[in-house]
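First up is the structure itself, then whatever we jot down about it.
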Amino acid sequence: MDLTDKNVLITGSTRGIGLAVAKAFDVAGARVILHGRSAVRPDVMAEFGENTLAITADIADEESVNNALTGLFEEIDGIDILINNAGIVDDKLTMGMKPSEFANVVNTNLNGTFNVTQPIFKKMLRARSGNIINMASVVGLMGNVGQANYAASKAGIVGLTKSLAKEGAMRGIRVNAIAPGMIVSDMTDALSDKVKEQVLEAVPLKRFGNATEIAQTALFLAQNDYITGQTITVDGGLYI
């Protein structure tokens, strides 16, 4: 699939994995639409081509999302590729987790993904074309201590991906998920050397991944025409 001039919306694309994914699609010739909860900074916009657009929305707020998309669709006809990357973490052991802390993560990560996807999915169905890539996590596949809320939200995304893939297939729409493992980020940089060693003991390849490797996986899923309903783990073998 040629990505030239394809409209690609990446949520949570002002830093980290989302920014790396956005840059990869920009280089591939796509028209990138950046997204942030607050306005995308000018220095971030300057890293992209002149056709790049940006929207601001709180994905957990359906009205905020709908307002942002309404404005976007006044400038473009639709989205060819949607990459749901935005999400949050709020780690805490279950015994000390408040119901509101559980709900907030699930509402942002899972409900937020639905809020963005539904109106775009409707347009894709009418156009009989489209590609959706959801960012899950190996934590959603295997669980993790202190991340009950995050694991539940990402497991939900895996299920959502499969259901959307079945609903969209008859109209030529493909839906897949990527489940990153330990990826180099501000969070991993803050870990002590001892903790890093302990984490890497569980990773067969004995290294953290990087955001570029996630971006390349997203590019692959965007260009392959016969993969749908799958969750691709990019984790150095952690989930074997």
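Residue numbering for the sequence shown follows UniProt numbering, starting at 1 and increasing by one per position.
Where a beta carbon is used, it is the ideal one built from N, C-alpha and C, also for glycine.
If you're wondering where the values come from, they're calculated on a predicted model, not measured in any experiment.
Query - Top-ranked residue by Cα proximity to Asn-7, from Leu-191, Ser-129, Leu-238 and Val-203 - result: Among Leu-191, Ser-129, Leu-238 and Val-203, the Cα nearest to that of Asn-7 is on Ser-129.
Requested in this report: Tell me the start and end of each unbroken alpha helix (DSSP H) in the stretch 157 to 197 that is at least 4 residues and wholly inside, in chain order.
Outcome: 186 to 189, all fully within the stretch 157 to 197.
Report task. Note down, in chain order, each residue of its chain lying with its Cβ closer than 8 Å to the Cβ of Ala-54, except the 5 sequence neighbours on either side. Result -> Correct list, in chain order: Ile-33, Leu-34, His-35, Gly-36, Ala-39, Val-40 and Met-45.
Query raised in the report: If you draw a straight line from the alpha carbon of residue 265 to that of Glu-213, how long is it in whole angstroms?
Result: Residue 265 falls outside the range modelled here, since the chain spans only 1 to 240, and no answer is possible.
Requested in this report: Assign Asn-19 to buried or exposed, taking buried as 16 or more other Cβ atoms, counted over all protein chains shown, within 10 Å of its Cβ.
Outcome: For the record, residue 19 in the displayed sequence is Leu; it is not Asn. Buried, because 16 or more other Cβ atoms sit within 10 Å of the Cβ of Leu-19.
Query - Proximity of Val-21 and Ala-215 at Cβ, strictly below 8 Å - result: Closer than 8 Å, so yes.
**Report entry** Proximal residues to Thr-117 (C-beta, below 6 Å), its chain only, five neighbours per side dropped
**Finding:** Nothing listed; no residue qualifies.
Query raised in the report: Start and end of the alpha helix (DSSP H) containing Met-124?
Result: 112 to 127 is the extent of the alpha helix (DSSP H) around Met-124.
Requested in this report: May I ask you to report which of helix, strand or coil DSSP gives Ala-218?
Outcome: Under the three-state reduction of DSSP output, Ala-218 falls in the helix class.
Query raised in the report: Leaving out the 5 sequence neighbours to the left and right, which residues in its chain are closer than 7 Å to Ala-28 when beta-carbon positions are compared?
Result: Closer than 7 Å at Cβ, skipping near neighbours: Leu-3 and Leu-219.
Query raised in the report: Quick one: what's residue 241 bridged to in DSSP?
Result: In the structure displayed, the chain extends from 1 to 240; residue 241 sits before or after that span and is not available.
Report task. Figure out for me which residue from Arg-31, Gly-156, Asp-43 and Ile-240 has the closest Cα to the Cα of Arg-15. Result -> Taking the Cα of Arg-15 as reference, the smallest distance to any Cα among Arg-31, Gly-156, Asp-43 and Ile-240 is reached at Asp-43.
Report task. Look at the alpha carbon of Lys-196 and the alpha carbon of Leu-238, and state the distance between them as a whole number of angstroms. Result -> If I take the Cα positions, the gap works out to 14 Å.
Query raised in the report: Is the stretch 180 to 188 touching the stretch 124 to 142, taking contact as three or more C-beta pairs under 8 Å?
Result: At 8 Å Cβ cutoff, the stretches touch.
Query raised in the report: Would Thr-94 be called buried (16 or more neighbouring beta carbons within 10 Å of its own) or exposed?
Result: Per the 10 Å Cβ criterion, exposed.
Requested in this report: Report buried or exposed for Gly-159, applying the criterion of at least 16 other Cβ atoms within 10 angstroms of its Cβ.
Outcome: The residue in question, Gly-159, is exposed, as its Cβ has fewer than 16 Cβ neighbours within 10 Å.
Query - Contacting residues, own chain, Cβ-Cβ under 6 Å from Ala-86 (five flanking each side not counted) - result: Only Thr-11, Gly-12 and Ile-59 meet the Cβ criterion.
Requested in this report: Figure out for me which residue from Arg-31, Lys-122, Phe-102 and Ile-17 has the closest Cα to the Cα of Asn-66.
Outcome: For the residues Arg-31, Lys-122, Phe-102 and Ile-17, the minimum Cα distance to Asn-66 belongs to Lys-122.
Requested in this report: On a CA-only basis, which of Thr-52, Ser-192 and Asn-111 is nearest Thr-161? Give me that one, please.
Outcome: For Thr-161, the nearest C-alpha among the options comes from Asn-111.
Query - Cβ-based burial, Lys-98 [other Cβ within 10 Å; buried from 16] - result: Lys-98 should be labelled exposed.
Query raised in the report: Who does Ala-24 pair with in a DSSP beta bridge?
Result: DSSP output for Ala-24 lists no bridge partner at all.
Requested in this report: Using the Cα positions of Asp-193 and Ser-64, report the straight-line distance between them to the nearest angstrom.
Outcome: Our two residues, Asp-193 and Ser-64, have alpha carbons roughly 41 Å apart in a direct line.
**Report entry** Beta-bridge pairing of Ile-81 - partner residues as DSSP gives them
**Finding:** Its beta-bridge partners are Val-8 and Asn-131.
Query - Alpha carbon of Leu-125 to alpha carbon of Asp-77, nearest angstrom - result: Separation of Leu-125 and Asp-77 (C-alpha to C-alpha, rounded to the nearest whole angstrom) is 14 Å.
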